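Residue numbers (the numbering used here), protein chains in the order written: chain A, 97 to 423; chain B, 97 to 423; chain C, 97 to 423; chain D, 97 to 423.
C-beta atoms are modelled at their ideal positions from N, C-alpha and C, and glycine is treated no differently.
Please read all numbers here as calculations on a predicted model, not as lab measurements.
4 protein chains.
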Amino acid sequence: VVHTTVVGAQGYLGRAILRTLWRHPDVTDVTAVSRALRGQPVRTVVAGAPRAALFSAPDDAAALAADVVFLAVPAGAAAERVAAHEAAGAQLVIDLSRDHRHAGLASADGWQYAMPDVLPAERGAKRIANPGCYPTAAMLALAPALRGGAVGSGPIIVDGKSGVSGAGQSPRADLHFPEANESVRAYKVLGHDHTSEMAEVAGILNGHAHAVRFTPHLVPQTRGLLCTVYAPLADPNADPAAVRALYEAAYAASPFVDVVVEADTGRVRGAHTAEVAVDCDPDTGLLVARGAIDNLARGGGSAAVANMNGARGFALGAGLDFFGGNT
Amino acid sequence: VVHTTVVGAQGYLGRAILRTLWRHPDVTDVTAVSRALRGQPVRTVVAGAPRAALFSAPDDAAALAADVVFLAVPAGAAAERVAAHEAAGAQLVIDLSRDHRHAGLASADGWQYAMPDVLPAERGAKRIANPGCYPTAAMLALAPALRGGAVGSGPIIVDGKSGVSGAGQSPRADLHFPEANESVRAYKVLGHDHTSEMAEVAGILNGHAHAVRFTPHLVPQTRGLLCTVYAPLADPNADPAAVRALYEAAYAASPFVDVVVEADTGRVRGAHTAEVAVDCDPDTGLLVARGAIDNLARGGGSAAVANMNGARGFALGAGLDFFGGNT
Amino acid sequence: VVHTTVVGAQGYLGRAILRTLWRHPDVTDVTAVSRALRGQPVRTVVAGAPRAALFSAPDDAAALAADVVFLAVPAGAAAERVAAHEAAGAQLVIDLSRDHRHAGLASADGWQYAMPDVLPAERGAKRIANPGCYPTAAMLALAPALRGGAVGSGPIIVDGKSGVSGAGQSPRADLHFPEANESVRAYKVLGHDHTSEMAEVAGILNGHAHAVRFTPHLVPQTRGLLCTVYAPLADPNADPAAVRALYEAAYAASPFVDVVVEADTGRVRGAHTAEVAVDCDPDTGLLVARGAIDNLARGGGSAAVANMNGARGFALGAGLDFFGGNT
Amino acid sequence: VVHTTVVGAQGYLGRAILRTLWRHPDVTDVTAVSRALRGQPVRTVVAGAPRAALFSAPDDAAALAADVVFLAVPAGAAAERVAAHEAAGAQLVIDLSRDHRHAGLASADGWQYAMPDVLPAERGAKRIANPGCYPTAAMLALAPALRGGAVGSGPIIVDGKSGVSGAGQSPRADLHFPEANESVRAYKVLGHDHTSEMAEVAGILNGHAHAVRFTPHLVPQTRGLLCTVYAPLADPNADPAAVRALYEAAYAASPFVDVVVEADTGRVRGAHTAEVAVDCDPDTGLLVARGAIDNLARGGGSAAVANMNGARGFALGAGLDFFGGNT
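Laid out in structure tokens, this is it:
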């Protein structure tokens with residue numbers, strides 16, 4: 097018997113977790129927590145949800161009975177829920193907010209930062225910080241090169257393009273349909289917190305520090321995130337086939353990453369899988385890698401479930417047997 | 097052991113069927129047929145598809161070994177495949193094209209027209225004509241009123257709005273992204289073949305003939321179809337609550353239809369489920385009903401699998417345990 | 097010297113008026129009023145606006161100096177501004193809200209309801225109620241048939257599809273980009289105030305009353321509105337060519353309406369012009385007409401300027417010499 | 097009397113030129129050439145076009161009578177038309193294709209590469225190569241820094257995001273609405289011909305050569321193009337305010353460029369104007385600049401007209417008195 101609770105279940109990330117847990121073979125109970133929607137059917141926000149599933153309040157007994165807790169709550173709101181659930185006996189808390197990413201990748205207070213396919217969750221982990229969506233796409237695109245020694249010193253540039261659902265569920269003037277449609281623009285050009293997250297992960301993979309320049313952009317689509325990553329090649333005249341071979345080797349054993357000619361957010365819409373493409377630019381000595389994910393699935397909910405699978409010893413792909421694609 | 101073959105598997109409807117069959121508990125083999133993509137991994141067009149799945153040619157042994165065959169091919173192309181598969185021993189052929197809908201709802205040559213939740217497939221059926229996408233949305237929206245005697249005589253008007261994937265996969269000048277985006281327009285205002293299909297179904301449900309005025313429109317989204325249906329109320333001053341009660345009763349036993357205040361294609365994106373809403377207009381004595389579906393899933397692929405389930409005696413919802421929603 | 101003031105100039109309709117007035121040959125001054133943006137450059141919300149143009153407050157002298165005032169304000173807010181501007185000497189007030197449409201088409205308090213190409217503004221009018229966007233598209237699509245005697249008795253059904261800008265500029269949960277994208281749905285199925293507006297106009301054009309069934313829908317695009325109109329043909333077997341000839345005759349003299357095979361919102365994006373298409377359905381005896389407009393331009397701002405042109409005796413197309421099209 | 101001819105007038109760029117010429121105060125005649133649509137009204141593809149305007153064939157007398165010729169034709173097709181029009185007495189030919197960009201910025205055969213606001217057309221020029229859309233956005237974003245000495249040595253990275261109309265009017269499998277919608281992806285990662293164009297312009301502005309890494313992407317919108325440009329700051333600790341001051345000074349005299357906090361393609365939709373934003377990243381010593389344009393207007397048609405204005409001595413903004421904005 098494995099009881100799971102999703103806090104913030106009415107949100108975009110929360111729903112993505114629910115969709116996965118409901119068909120996870122090792123999960124016996126799923127409690128969906130939403131303070132605002134308490135008592136209402138989950139089916140009002142997720143088509144096809146079990147008709148009997150109702151939203152619970154955070155401190156309802158069912159919610160607190162969880163073995164595994166997913167926190168899909170705004171930054172700053174996680175700490176209180178961690179304490180409540182651990183006091184109630186939770187074996188594993190997975191925080192999807194940024195709150196515990198800043199604590200370092202393997203911090204003194206027990207939070208492990210885990211990114212499937214790149215930095216997998218450790219068996220037995222009790223506290224997992226789920227990675228950000230942009231770092232997921234960027235590091236999937238860069239990890240094989242970093243680990244394989246193909247990246248030299250110097251700054252890494254990450255140009256991110258995200259669908260609007262990445263900005264969350266709250267209406268906002270700049271996310272009003274007529275404003276966001278037919279609009280591409282950068283935002284938070286300086287100081288986005290994913291910048292340091294990427295730098296930390298890159299440092300772990302490469303063994304030395306990299307400054308990271310990260311520029312996020314909004315594009316007019318609901319789901320899907322692409323990071324285009326520019327990194328200095330260790331050998332400016334590197335053989336592109338050899339670099340590509342690093343990628344194919346790195347992901348050969350993963351059911352969840354495809355190395356393709358061009359990464360496309362449309363093809364991975366709704367999918368746990370990611371697409372990665374890589375080229376070498378001889379004119380500038382830059383590696384040009386692209387990583388495409390669904391920001392809500394692979395960039396959030398599915399990654400959280402994969403992290404649970406790793407920490408609890410379930411099959412890597414359990415609950416993740418679904419298929420994506422925009423068409 | 098149940099072996100299934102999907103012909104036209106590279107197309108939008110074919111993919112929708114594959115996604116369902118791969119996790120169907122009663123299906124042991126799935127062969128994806130595409131003449132054009134023979135030998136290529138199915139994963140190139142469906143994210144997360146089993147890596148071992150390759151497209152087959154129509155007459156490959158694996159394709160012909162099928163117990164159940166899904167024909168997701170253009171109109172006119174089905175007949176030849178029916179003969180080949182039945183000769184090879186297929187127990188059930190489900191044709192998603194319009195070719196066998198015109199043969200009548202229970203025709204001399206053995207084709208049964210079957211629409212889940214409205215006209216379910218009969219156990220043991222060997223040839224099933226799958227319904228059109230517009231008739232599915234329209235009849236889900238109208239069936240309880242027709243069956244419940246709430247609709248009087250006179251023409252029924254169906255105003256349909258479909259996402260562009262309903263027009264298929266072939267590039268066309270008017271479906272080029274810059275032309276179809278920010279564009280709403282009617283098409284085939286006279287003579288769309290779904291008109292007579294709706295009239296036939298309405299006649300079966302109501303017991304007498306109805307002329308149908310059907311106007312399809314394209315709207316700038318990929319998936320999702322809404323039909324707004326106007327029908328003369330038998331009693332122009334009908335009690336809206338009583339009419340709504342007909343709908344709730346009709347769909348209470350179905351896991352796949354939700355009676356809601358307003359039907360929204362966004363909420364059922366990627367879902368097998370449909371949303372139906374109904375109102376009565378006292379000024380004109382018209383019933384105003386809306387049916388929202390995903391045109392590729394509920395409007396095609398999922399319906400075909402539900403029809404297989406009915407004909408072969410599988411659980412109604414087998415393979416259809418997935419969840420929709422645009423976010 | 098003609099001084100114009102646009103109240104609510106920061107809104108979508110207000111901007112549409114400004115774009116037209118700035119190049120109107122008979123307009124010498126344009127004051128843009130926005131309480132919230134007072135003192136800021138208009139160019140922050142309209143690309144290419146004159147750099148010197150700043151938003152004014154409602155009671156600034158420049159605003160009150162207007163000969164012609166356009167009120168692009170929410171329903172309920174117009175009355176106060178009418179009094180202030182008329183007291184200050186305005187010769188003409190054009191109200192784009194619904195406030196004075198309900199006063200009747202030629203009311204005791206002097207408001208004239210005016211719809212270019214259908215019910216033109218009278219020379220010398222001092223108070224003009226600008227029509228709603230849905231009634232504009234619907235009546236452009238129906239007026240020639242109504243006037244030409246082609247429509248019999250019985251209810252008229254108007255199925256409207258509007259881009260999201262029609263819902264205004266204020267963020268709202270259901271208009272948040274991820275919710276409105278890939279979503280088609282009806283709203284306000286009963287009781288939309290455009291219903292009675294259409295019935296009144298139809299009655300004027302036809303000489304007898306018509307009940308109107310109006311169902312508005314939102315479609316995922318920024319601009320553009322299509323009405324599909326179903327009306328009983330006076331002669332169920334009417335000759336389609338004769339009906340079409342009524343349309344061509346009615347609009348032959350108008351530079352602003354094109355009778356086409358199919359009306360497309362994409363083609364009239366940003367345009368003052370409208371497209372109208374018409375067919376006759378012999379199966380149901382229904383006229384099926386479509387009218388496509390840009391809801392902000394022809395459906396609001398351009399119509400207001402055309403009404404000014406008519407009332408003030410300017411050339412019909414003055415200021416309206418621009419060209420639309422999505423591409 | 098100035099007679100203009102637009103060859104390729106039915107295309108997206110051709111239409112953008114027509115819309116401008118029809119209201120250009122110095123242009124007396126406009127001939128729209130389209131081999132495919134000869135004899136048809138231009139109004140079938142441009143809403144609001146003069147009803148009398150019909151498409152001409154390339155060698156019709158009216159087409160060859162032009163003083164100024166705009167070639168909006170595919171690469172490779174320009175040379176033949178240049179010869180025909182110059183033989184017939186044209187004073188100025190403006191080629192929007194890439195054919196004559198490769199001839200160098202001021203080539204032996206008389207082609208001048210001209211980019212408004214950056215490298216203006218010379219008075220009296222007879223042959224002008226109009227710039228590419230990506231180089232326009234990138235160089236608007238970078239020119240003040242390059243000229244002002246703020247950019248050091250090292251490669252310049254341009255990450256471009258273009259609406260789909262930039263790929264032209266021909267249907268293509270990957271531009272089919274259901275494929276391009278909800279899809280972001282890079283294309284032509286190596287070898288796009290705009291790469292060398294950017295390098296050449298940067299070299300002229302900066303006085304020394306720069307390697308350029310250019311990665312174009314398609315985003316799901318019709319119009320609008322954003323380039324995000326990363327360039328090494330000459331002083332890694334440059335004062336952001338000083339850098340920004342370079343931009344404000346550079347564009348103070350231009351009616352067509354706004355220096356803003358964030359550049360947004362939605363705000364410049366349909367506009368001749370561009371938006372430019374700039375920041376300095378102290379962590380990496382990189383200048384991060386963004387340029388947003390409408391790819392068809394400022395990125396093509398309006399630039400061509402501005403180049404004509406410069407070469408023929410018309411007022412800089414003649415014919416360009418229109419206003420953009422998505423809403």
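Check                                                                                                                                        : Outcome
Beta carbon of residue 400(C) nearer than 8 angstroms to that of residue 166(C)                                                              : yes
Sub-8 angstroms separation of residue 113(A) and residue 232(A) beta-carbons                                                                 : no
Residue-chain proximity (residue 361(A), chain F), Cβ-Cβ < 8 angstroms                                                                       : The question asks about chain F, but that chain is absent: this structure's protein chains are A, B, C and D.
Own chain, CB closer than 6 angstroms to residue 315(D), minus 5 neighbours either side, in chain order                                      : 257 and 280
As assigned by DSSP and simplified to three states, the class of residue 130(B)                                                              : coil
Residue from 290(B), 153(B), 110(B) and 121(B) whose Cα sits closest to the Cα of residue 133(B)                                             : 153(B)
Residue ranges of each alpha helix (DSSP H) within the stretch 361 to 409 of chain D, 4 or longer                                            : 398 to 408
For residue 117(D), the first and last residue of its enclosing alpha helix (DSSP H)                                                         : 108 to 117
CA-to-CA distance, residue 120(B) to residue 412(A), given in whole angstroms                                                                : 20 angstroms
Per-residue DSSP class, three states only, for residue 221(A)                                                                                : coil
Rounded distance between the beta-carbons of residue 164(B) and residue 187(B), thought under 8 angstroms                                    : 7 angstroms
Straight-line gap, residue 341(C) to residue 117(B) (C-alpha atoms, nearest Å)                                                               : 54 angstroms
Segment contact, 8 angstroms Cβ cut-off, at least three pairs: the stretch 265 to 273 of chain A with the stretch 353 to 373 of chain A      : no
Chain A contacts made by the stretch 275 to 286 of chain C, where a contact means CB separation under 7 angstroms                            : 276, 277 and 278
Contact the stretch 210 to 229 of chain C vs the stretch 403 to 423 of chain C: 3+ CB pairs below 8 angstroms                                : yes
DSSP three-state assignment for residue 352(B), whether helix, strand or coil                                                                : coil
8 angstroms Cβ cutoff, residue 192(C) in contact with chain A                                                                                : no
Cutoff 8 angstroms: residue 422(B) Cβ touching any chain A Cβ                                                                                : yes
Unbroken alpha helix (DSSP H) run spanning residue 256(C), endpoints                                                                         : Run containing residue 256(C): none in the alpha helix (DSSP H); it sits in the beta strand (DSSP E), 252 to 258.
Touching by the beta-carbon criterion (3+ pairs, under 8 angstroms), the stretch 318 to 325 of chain B and the stretch 301 to 310 of chain C : no
Start and end residues, alpha helix (DSSP H) containing residue 240(A)                                                                       : 229 to 243
Residue 419(D) - DSSP class collapsed to helix/strand/coil                                                                                   : coil
Chain B within 8 angstroms of residue 253(C), Cβ atoms only                                                                                  : yes
Distance between residue 147(A) and residue 156(A) (C-alpha atoms, nearest Å)                                                                : 19 angstroms
Cβ-Cβ separation, residue 237(A) to residue 424(A) (assumed contact under 8 angstroms), whole Å                                              : An answer regarding residue 424(A) cannot be provided, because it is not within the stretch 97 to 423 covered by chain A.
Chain-ordered neighbours of residue 271(A) on chain C, where CB pairs are closer than 9 angstroms                                            : 267, 272, 273 and 274
Under 9 angstroms by beta carbon: chain A residues contacting residue 258(C)                                                                 : What residue 258(C) touches in chain A: nothing, since even the nearest Cβ is about 11 angstroms away.
Candidates 419(B), 248(B), 241(B) and 111(B), of which the one nearest residue 430(B) by Cα                                                  : Residue 430(B) lies beyond the range of chain B shown here (97 to 423); nothing can be said about it.
As assigned by DSSP and simplified to three states, the class of residue 143(D)                                                              : coil
Contacting residues, own chain, Cβ-Cβ under 8 angstroms from residue 129(C) (five flanking each side not counted)                            : 101, 102, 103, 104, 105, 151, 152, 153, 154, 156 and 159
Residue 181(B) beta carbon less than 8 angstroms from that of residue 162(B)                                                                 : yes
Min CB distance residue 368(C) to chain D below 8 angstroms                                                                                  : yes
Burial state of residue 304(C) (16 or more Cβ within 10 Å)                                                                                   : exposed
Contact with chain C by residue 187(B), beta-carbon distance below 8 angstroms                                                               : no
Span of the alpha helix (DSSP H), counted from its first residue to its last, around residue 338(C)                                          : 336 to 347
Straight-line Cα distance separating residue 339(D) from residue 98(C)                                                                       : 44 angstroms
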